[in-house]
Amino acid sequence: MPPLDRFSTQAGLYAKYRIDYPQALYDWLLARVLGRERAWDCATGNGQVAQVLAGHFARVEATDLSAQQLAQAPARPNISYQQAPAEHTPFPARYFDLITVAQAVHWFNHAAYHAEVRRVARPGAVLAEWGYTFCRTDSPALNQVLDHFHDHTSGPYWDANRSHIQDEYARIPFPFADVQRARFQVERRWTVADMLGYLRSWSATANYARQHHGADLVALVEAELRQLWGPAERLIVFPVFARAGRVE
């Protein structure tokens, strides 16, 4: 059975509203990488991570299941984007110094993906996987409404794999050497329109639309969020968790 593409229908929203990652994460990661010739950003989406890696590596290969997502990625002369699953790529053996996966490894067939990592990684290459859990705002009342929407309203429409985000990949194997873990956070100043756009980028929102003839799940909470949020920007914090290991 081919891997399921969960994000093509909302690729534009994903590119506009999904967070990028802090410089501290890249500093932590790059300090461990021995070479700077080639990196693979797996499940690149709209190329957020690939764009950063391109400033540090001679060549970046970026893959994703979704052609619509890849169409949102900005071109760079040393980045090659192509459609491919994580578990089967066109790359030669022993090719990469670094492999990254941001907010996506919970969708993979982990045994097949790790076999592919071992095939294409150079000895001593670094594999890094990271993700982020649901955000906090500066308002307890807003947090309560958002949590109810995330856990209960959206709950039936999340794929089972999504639970791996909640426990920070604790149940996903990571059979590599010299494993290190770290935590970071992303802070943003968002209007209510930004939050609504982010909610509409979720896979649960897309699943709801598929099951309800295109209906908008976020419309169920929009009026309440607008009333509580007000016209101003608010501080939003996303907790980021990361792990990195060495491929031997």
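The numbering of the sequence shown is this note's numbering, which starts it at 851 and goes up by one. Heads up, the beta-carbon is just placed ideally off N, CA and C, and yes, glycines get one too.
Check whether the Cβ atoms of residue i and residue j sit closer than 7 Å, and answer yes or no.
{"i": "Arg882", "j": "Val976", "result": "yes"}
{"i": "Ala912", "j": "Ala900", "result": "yes"}
{"i": "Leu1049", "j": "Leu992", "result": "no"}
{"i": "Asp970", "j": "Cys892", "result": "According to the sequence shown, residue 970 is Val rather than Asp. It is not a contact, given that the beta carbons lie outside the stated cut-off."}
{"i": "Gly897", "j": "Ala923", "result": "yes"}
{"i": "Val995", "j": "Glu1074", "result": "yes"}
{"i": "Gly974", "j": "Ile1015", "result": "no"}
{"i": "Ala1092", "j": "Ala1032", "result": "yes"}
{"i": "Asp988", "j": "Arg972", "result": "no"}
{"i": "Thr894", "j": "Asp914", "result": "yes"}
Is it the case that the CB of residue i approaches a heavy atom of the ligand FMN more closely than 6 Å?
{"i": "His960", "result": "Ligands are entirely absent from the displayed structure, and the ligand FMN is therefore not among its contents."}
Taking only the alpha-carbon atoms, compute the straight-line gap between residue i and residue j and give it to the nearest angstrom.
{"i": "Glu935", "j": "Phe941", "result": "Per the sequence shown, residue 935 should be read as Pro rather than Glu. Rounded to whole angstroms, Pro935 to Phe941 spans 12 Å at the Cα level."}
{"i": "Ala943", "j": "Ile1086", "result": "42 Å"}
{"i": "Arg909", "j": "Ala1043", "result": "36 Å"}
{"i": "Phe1088", "j": "Trp1052", "result": "15 Å"}
{"i": "Gly1005", "j": "Ala1054", "result": "8 Å"}
{"i": "Met888", "j": "Ala1020", "result": "Sequence check: residue 888 is Arg here, not Met. Cα to Cα, the separation comes out at about 29 Å."}
{"i": "Arg968", "j": "Val1029", "result": "15 Å"}
{"i": "Pro1081", "j": "Glu979", "result": "36 Å"}
{"i": "Phe857", "j": "Arg1012", "result": "Its pLDDT being 47, under 50, Phe857 is placed unreliably in this model, and the value from its coordinates should be taken loosely. Approximately 14 Å, taken between the alpha carbons."}
So if DSSP puts residue i in a beta bridge, which residue, or which two residues, is it bridged to?
{"i": "Thr1165", "result": "The structure shown does not extend to residue 1165, since the chain is modelled only from 851 to 1098, so the question has no answer here."}
{"i": "Gln922", "result": "Bridge partners of Gln922: none, in fact."}
{"i": "Val1087", "result": "Arg986, Glu1037"}
Would you check if the segment 1016 to 1034 and the segment 1053 to 1068 touch, i.e. whether three or more CB-CB distances between them fall below 8 Å? Cβ pair count under 8 Å is below three, so no.
Flag this pair as touching only if the segment 994 to 1005 and the segment 1032 to 1041 have three or more C-beta atom pairs under 8 Å; answer yes or no. Short answer: they don't touch.
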